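A.B. asks:
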Amino acid sequence: MTLLPGGVCKAGSTIVNKTGGWRTFKPVYDYDKCVKCKLCELLCPDMSVLPRDDGYFEFNYDFCKGCGICANECPKDAISMTLEEK
Amino acid sequence: MTVIRDLDKDKMVVAEGSYTVASAVKACKPNVISAYPITPQTHIVEDLSQFMADGEIPNCEYINVESEFSALSALVGSSAAGARCYSATTSQGLELMHEVLFNVSGMRLPVVMTIVNRAVSAPINIWNDHQDSISQRDTGWIQLYAEDTQEISDMTAQAFKIAEDKDILLPAMTCMDGFILSHVHEPVELLESDLVDEYLPSYEPEYVLDPKNPMSFGAFADPESYTEFRYLQQQSMDNAVKKIEDAATEFYDIFGRYYGGLIDEYETEDAEIIIMAMGSVIGTIKDAIDKLRDKGEKVGLLKIRSFRPFPVEAIRKAVKDAKVVVPIDKNISLGLNEGALCTETKACLYNTSINMPVVGFMIGHGGRDIRISTIESIVEQAKKVADSGIEVESQYADLKEEML
């Protein structure tokens with residue numbers, strides 16, 4: 002790797018720097034409660050909520066840091082934060 | 004030694020130092036100016052603001068901000084977007100910028116900023132010394148110090164040329180003494196726009212912030228790579244050593260004015276005592292030297308134009324045959340009882356075959372007047388050091404003991 006002065010790099014370079022390991026609590030969907038309102042996707046600060054073909058969503062655990070905003074904002078309490086365990 | 008080729012009196016005007024700087028900035032055609040007014044820098048940004056209002060600086064944005072922190076932060080984005088950027092500040096304003104100074108240099112943005120040197124609070128004091136910029140010496144900015152208003156004007160164009168060079172890409176501070184230079188009216192030649200066009204190529208950065216081609220600047224560097232970024236900055240400082248000399252000689256070729264590159268020498272050839280100093284006090288010291296030379300004293304002056312990069316080799320070469328070296332500092336590192344020039348001069352002579360006493364004098368803090376008689380008494384003390392060795396390594400030259 003050759004550095005560019007000033008730490009200049011192409012956008013999206015953090016894709017190689019997986020930050021999911023920082024997580025303590027992990028968001029988990031309860032699809033029975035989800036009404037596909039999309040708030041979780043809109044509010045996720047790390048673009049770690051990915052839309053699925055069926056209209057529901059899933060988490061990208063490679064980058065979700067477990068901040069819990071999605072669970073906090075979900076109007077149907079369809080996301081629970083569970084302790085990360087090995 | 005300072006050389007002025009063909010002084011053209013018809014081209015000269017009597018202008019305030021601040022106006023001279025503002026005119027120089029205008030001639031360098033900046034794209035973004037962002038500054039917050041603070042004494043004694045205010046007249047520079049007022050004059051620039053007037054130029055903007057009069058439409059005299061085309062293709063330029065003047066950003067009004069609410070603090071110095073914002074002023075420099077605005078230039079981080081502007082410079083990254085490819086703009087030639089300018090600001091000016093002093094004292095507390097410069098200290099407020101401290102965090103952003105590192106960001107600018109770390110992102111390798113060639114911003115040029117005039118520092119109108121002033122003491123720092125507390126106690127509050129608006130007069131001149133060098134404590135403000137010296138306190139920022141490790142921020143990765145090139146630091147140049149000017150002796151008079153013509154030099155600070157010309158240094159502005161030189162600073163853009165040095166900073167924007169693709170082998171350098173470091174921000175630069177051009178330092179002028181508050182009030183002594185910023186508010187003095189002197190005959191000067193204002194920088195001519197067409198000659199500056201010839202001297203200063205347009206800024207063509209390799210990478211720019213552009214929504215069509217997204218890039219990150221100053222991106223995250225973990226322990227894996229942080230050291231190498233610092234190494235690259237130092238490498239650019241090393242490159243700047245030659246570039247500062249080149250910028251001065253190229254300036255002479257076009258404008259016919261030369262003040263030295265990294266350093267300048269005055270009567271040093273056979274000097275036994277060499278005084279070192281930066282800024283406007285140089286003029287006073289030259290007058291003192293003329294008087295002393297008339298009396299047969301072998302005294303010379305080493306003017307430091309570039310404090311960062313520190314001109315190690317040039318200093319060694321200039322002082323190697325002297326008997327005593329006397330750095331004069333308008334700043335103090337509290338806890339060491341020395342000014343920065345004294346400390347660094349000692350450091351650059353250590354581990355070499357040059358072995359001579361270096362005695363520092365701190366002087367003119369908070370704007371205290373520096374008289375020729377004070378310089379003469381410093382030389383008297385230096386003579387004693389030459390004869391009988393060092394008694395006091397560093398001290399105030401103008402302390403009023405009766406007030407303590």
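Protein chains in written order, with my numbering: chain A, 2 to 87; chain B, 4 to 407. Note that beta-carbon positions come from the ideal geometry of N, C-alpha and C, so glycine has one too. These numbers come from a predicted model, not from an experiment.
Does DSSP classify residue 233 of chain B as helix, strand or coil?
C.D. replies: Reading the second sequence from its first residue, position 230 is the one you call residue 233 of chain B. In this structure, residue 233 of chain B counts as helix in the three-state DSSP scheme.
A.B. asks: With a CB to CB cut of under 8 Å and the five nearest residues on each side skipped, what residues in its chain are close to residue 268 of chain B?
C.D. replies: In the second sequence, residue 268 of chain B corresponds to position 265, counting from 1. Hits under 8 Å: 4, 303, 304, 305, 306, 321.
A.B. asks: Does the beta-carbon of residue 171 of chain B have 16 or more other beta-carbons within 10 angstroms, so that it is buried, or is it exposed?
C.D. replies: For the purposes of this step, residue 171 of chain B is identified with residue 168 of the second sequence, where counting begins at 1. By the neighbour-count rule (16 or more Cβ atoms within 10 Å), residue 171 of chain B is buried.
A.B. asks: Output yes or no for whether 7 Å exceeds the beta carbon distance between residue 330 of chain B and residue 363 of chain B.
C.D. replies: Taking the first residue of the second sequence as 1, we reach residue 330 of chain B at position 327. Taking the first residue of the second sequence as 1, we reach residue 363 of chain B at position 360. Their beta carbons are under 7 Å apart, which means residue 330 of chain B touches residue 363 of chain B by this criterion.
A.B. asks: Measuring only between beta-carbons, confirm whether residue 224 of chain B sits less than 7 Å from chain A.
C.D. replies: Position 221 of the second sequence, counted from the start, is the residue given in the question as residue 224 of chain B. At least one chain A Cβ lies under 7 Å of residue 224 of chain B.
A.B. asks: Measuring only between beta-carbons, confirm whether residue 111 of chain B sits less than 7 Å from chain E.
C.D. replies: Here chain E cannot be found, since the structure's protein chains are A and B.
A.B. asks: Within its chain, find whatever has a CB closer than 6 Å to the CB of residue 34 of chain A; leave out the 5 residues flanking it on each side and keep chain order.
C.D. replies: Stepping through the first sequence from its first residue, residue 34 of chain A is reached at position 33. Closer than 6 Å at the Cβ level, and outside the excluded window around residue 34 of chain A, lie 77, 79.
A.B. asks: Give the range of the beta strand (DSSP E) segment to which residue 180 of chain B is assigned.
C.D. replies: By one-based count along the second sequence, residue 180 of chain B stands at place 177. Note, residue 180 of chain B: beta strand (DSSP E), 175–180.
A.B. asks: In the DSSP assignment, what are the bridge partners of residue 81 of chain A?
C.D. replies: Position 80 of the first sequence, counted from the start, is the residue given in the question as residue 81 of chain A. According to DSSP, residue 81 of chain A bridges with A/29.
A.B. asks: Should residue 248 of chain B and residue 264 of chain B be called a contact, given that it needs their Cβ atoms to be closer than 7 Å?
C.D. replies: One-based indexing of the second sequence puts residue 248 of chain B at position 245. One-based indexing of the second sequence puts residue 264 of chain B at position 261. It is a contact, given that the beta carbons lie within the stated cut-off.
A.B. asks: How close, in whole Å, do the beta carbons of residue 28 of chain B and residue 142 of chain B come, if the pair is a contact with beta carbons under 8 Å?
C.D. replies: Here residue 28 of chain B is taken as the residue at index 25 of the second sequence, counted from 1. Here residue 142 of chain B is taken as the residue at index 139 of the second sequence, counted from 1. In fact, because the Cβ distance is near 21 Å, the residues do not count as touching under 8 Å.
A.B. asks: Beta-carbon within less than 6 Å of residue 88 of chain A's beta-carbon, same chain only, minus the 5 sequence neighbours each way: which residues are those?
C.D. replies: This structure gives no information on residue 88 of chain A, because the portion of chain A shown stretches from 2 to 87.
A.B. asks: Which class does residue 60 of chain A belong to by DSSP, given the choice of helix, strand or coil?
C.D. replies: One-based indexing of the first sequence puts residue 60 of chain A at position 59. Looking at residue 60 of chain A - three-state DSSP - the assignment turns out to be strand.
A.B. asks: Excluding the 5 residues flanking residue 163 of chain B on each side, which residues of the same chain have their C-beta closer than 6 Å to its C-beta?
C.D. replies: Numbered from its first residue, the second sequence carries residue 163 of chain B at position 160. Only 31, 115, 203 meet the Cβ criterion.
A.B. asks: Could you give the distance in angstroms between the alpha-carbon of residue 346 of chain B and the alpha-carbon of residue 76 of chain B?
C.D. replies: Taking the second sequence and counting its residues from 1, the one referred to as residue 346 of chain B is at position 343. Taking the second sequence and counting its residues from 1, the one referred to as residue 76 of chain B is at position 73. Taking the straight line joining both Cα atoms gives about 32 Å.
A.B. asks: Which residues of chain A have a Cβ atom closer than 8 Å to the Cβ of residue 228 of chain B, listed in chain order?
C.D. replies: As a position in the second sequence, residue 228 of chain B is number 225, starting the count at 1. Those are 2, 4, listed as they occur along chain A.
A.B. asks: Consider the Cβ of residue 17 of chain A: report whether some Cβ of chain B lies at a distance smaller than 7 Å.
C.D. replies: As a first step, residue 17 of chain A is located in the first sequence; it is residue number 16 there, counting from the start. By this cut-off, residue 17 of chain A is not an interface position.
A.B. asks: Output needed in chain order: residues of the region 29–48 of chain A with a Cβ under 7 Å from some Cβ in chain B.
C.D. replies: Result list empty, no residue passes.
A.B. asks: Throw me the rounded Cβ distance for the residue 47 of chain A and residue 27 of chain A pair, which I believe falls under 8 Å.
C.D. replies: Position 46 of the first sequence, counted from the first residue, corresponds to residue 47 of chain A. Position 26 of the first sequence, counted from the first residue, corresponds to residue 27 of chain A. About 14 Å separates the two Cβ atoms, so there is no contact after all.
A.B. asks: Name the chain B residues whose beta carbon is nearer than 8 Å to that of residue 14 of chain A?
C.D. replies: Translated into the one-based positions of the first sequence, residue 14 of chain A becomes position 13. Simply 219, 222.
A.B. asks: In chain order, what residues of the same chain lie with their CB nearer than 7 Å to the CB of residue 181 of chain B, ignoring the 5 residues before and after it?
C.D. replies: Counting from 1 along the second sequence, the entry for residue 181 of chain B is found at position 178. Around residue 181 of chain B: 43, 93, 119, 120, 121, 130, 131.
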